[in-house]
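Input: a single structure, listed below in structure tokens.
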Amino acid sequence: MNGEERRKAMLDCIRKSNAPLSGSRLAELFGISRQVVVQDIALLRAADYEIISTNRGYLCASGQRVRRIFEVKHTEKEIAEELYAIVDCGGTVEDIFIRHEVYGELRAEMHLSSRRQVKEFLGEIQNGGSAPLSHITSGYHYHTISAESEDVLDSIEEELRELGYLVKKQLS
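Per our numbering, the very first residue in the sequence shown carries number 895; after that it's consecutive.
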């Protein structure tokens, strides 16, 4: 398999995956080094394929999903309940961001779409010795949420409102 065929196959694997594919896994699948994976991903991006890098691996941006930004506020103990509510309704937590008076907008990619991914994320927060980004703003923060339809986003909005986390929504 030449480089072009490998990149096409790699793109196909990333597109078909329900979860991010790590560089190590891609290297193993194609019998190449992680460095070659990084180079192939760069070439795919240069060819206008929207490949997103997360701390868990690579995934393709889905242009068919709808997105909405929600402003929420809750305590650190309520992070799990908030994230589980979103993924249980069918949403993907694309990112978290805050608006800081001095530093401006600070954003971190998340790409959480299942309870398993949320559990892994929570473990990273607990074991990593880092505080959640929302600590900087006393629990106030924003999430970009994607879903397959506006109805799903409406359900997520209602769930966050019922839980008492929703501050307001912004259409995006």
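For every residue, glycine included, the Cβ atom is placed at its ideal position computed from N, Cα and C.
Just so it is clear, the structure is predicted and the values come from calculations on it, not from any experiment.
Shown here, T986 sits in a strand according to DSSP, grouped into three states.
Excluding sequence positions up to five before and after A979, its CB lies within less than 7 Å of the CB of E1053, L1054 and L1057, all in the same chain and listed in chain order. H994 is bridged by DSSP to G998.
For the 8 Å CB-CB criterion, G985 and I1050 form a contact.
Just measuring C-alpha positions, the residue of T1031, L977 and E972 sitting nearest V1012 is L977. For G951, the enclosing beta strand (DSSP E) begins and ends at G951 to C954. One Cα belongs to F1015, the other to A921, and the distance between them is close to 24 Å.
By the CB criterion at 8 Å, L937 and R901 fall inside the cutoff. Secondary structure note for E965: it is in no alpha helix (DSSP H), and the uninterrupted beta strand (DSSP E) holding it is V960 to K967. Of the residues E970, E898 and L1060, the one whose Cα lies closest to the Cα of Q933 is E898. With a beta-carbon spacing of about 45 Å, L1060 and V930 fall beyond the 8 Å limit used to define contacts.
Relative to the Cα of N949, the nearest Cα in the group D982, A1002, H994 and E970 belongs to A1002. Assigned with DSSP and collapsed to three states, E972 falls in helix. For A940, the enclosing alpha helix (DSSP H) has its first and last residue at R928 to A940. By the CB criterion at 8 Å, I992 and H1037 fall outside the cutoff.
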